[in-house]
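Input: a single structure, listed below in structure tokens.
Numbering (the numbering used here), first residue to last: 51 to 493.
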């Protein structure tokens, strides 16, 4: 059984010993911030989220047609278009609405094509020209397995088509493109989790905040920066005061070099929270549960440690709390609890289990913990139930642990090898001959 951890191309391969508490303790750690294209109106069997990543690690934009110049969000539409701009390939992350519903990715439109879990597919090489990938949804793993065994995987609920076009550039040439980025964004009120490659943010400020000081420093001093259409420069410390109306206010920051332009958007909701003096931005005393942690008020956009635990200070010098954060430098995801500490070990977040190593990095793929194997999909969530890996079927128990030996599922008996793979054909068990169909059911 292939137990290699499958990562996005941008992610670093991390090898570590797992010695955390098994997932029996429940943590209430707040709301997950997702960058995927999501569809809140999805019905059962429809995709509710879809992300496409280039081989360079950047997220690809979805378009509604070939001529479109503005990206689209995921909707009830089943056709989406992607321009790779020379990337070597793509990786997919998709979720379907409905309990036990599944989505499979197909590289061919053939009725007997094999489907893959998005988390298992890995990097799909894309040649120059036009390529299509198909995402099909099913009521359950069993429904997919039945359709595949019958030689007609088109017996599904929905079929989504990704139309991928690619020019003749290679990934090295794309890497040579120098995209302009900001090195930091400072807000006089409110807090954002800034990373240079994330271009969209939302922040709440008190209703009595009528004006916001915005400072946007470019990564390259030669780049041009504008805040809401007005140029800012080094002499003015790249600052602009922005007046706020009640409700939502949009601040656009553009950074431009000789060839490219990057636009950052901040939606500021004035009155989005009540005044809370304990969150005052100039305070140098962070209250973390029963502890008080003094830090240098100049610490921004950097890690700090306390009692062997890690915290991350955002662009205003405040610790990240109850949120996900992607660290560009390590190409890793972290989650910070209500006290601002980077989560380690097992944690349940919004009903899904995740595993973080001792440094706080979220893990993906196969992991061994306390003598048991678990599988964490491309988003890091623990998988349960039927799972297909490299053409072999596995079963993950309700606690996520890999099944071996006998299994009775919906009245049918299955047998799994010691490496977790499902048995098919004729086998001898304890001197008794058993036969299993191609779908694993004992005959």
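Heads up, the beta-carbon is just placed ideally off N, CA and C, and yes, glycines get one too.
| Item | Value |
| --- | --- |
| Which residues DSSP lists as bridging residue 102, in chain order | 142 |
| C-beta contact flag for residue 134 and residue 99 at 8 Å | no |
| Whole-angstrom C-beta distance between residue 268 and residue 232, which should lie under 8 Å | 6 Å |
| Supposed close pair residue 171, residue 142 - CB separation, criterion 8 Å | 6 Å |
| Distance CB(residue 447)-CB(residue 453) smaller than 8 Å | yes |
| Top-ranked residue by Cα proximity to residue 422, from 469, 211, 403 | 469 |
| CB-CB length for residue 300 against residue 209, believed under 8 Å | Between residue 209 and residue 300 the Cβ distance is about 36 Å, and since that is not below 8 Å, they are no contact. |
| Burial state of residue 417 (16 or more Cβ within 10 Å) | buried |
| Alpha-carbon spacing of residue 287 relative to residue 262, whole angstroms | 15 Å |
| Opposing strand residues paired with residue 45 [DSSP bridges] | Any question about residue 45 goes unanswered here, given that the chain covers just 51 to 493. |
| Nearest residue (CA-CA) to residue 464, options 276, 370, 493 | 493 |
| Start-to-end residues for the beta strand (DSSP E) that takes in residue 168 | It is not in any beta strand (DSSP E) - residue 168 instead sits in the alpha helix (DSSP H) that spans 168-171. |
| Between the CA atoms of residue 307 and residue 188 - distance to the nearest angstrom | 47 Å |
| Length of the line joining the Cα atoms of residue 476 and residue 199 | 18 Å |
| Alpha carbon of residue 479 to alpha carbon of residue 145, nearest angstrom | 38 Å |
| Coil, strand or helix - residue 195 by DSSP | helix |
| Candidates 113, 87, 91, 114, of which the one nearest residue 101 by Cα | 87 |
| The beta strand (DSSP E) enclosing residue 320, as first and last residue numbers | 311-320 |
| Length of the line joining the Cα atoms of residue 432 and residue 292 | 43 Å |
| Nearest candidate by alpha-carbon position, reference residue 424, set 369, 358, 451 | 451 |
| First and last residue of the uninterrupted beta strand (DSSP E) at residue 187 | 179-188 |
| Expected contact under 8 Å - CB spacing of residue 241 and residue 364 to nearest Å | 5 Å |
| Selection from 90, 148, 483, 116 that minimises the alpha carbon distance to residue 126 | 90 |
| Runs of beta strand (DSSP E) lying entirely within the segment 418-442, each at least 3 residues, in chain order | 422-426, 435-439 |
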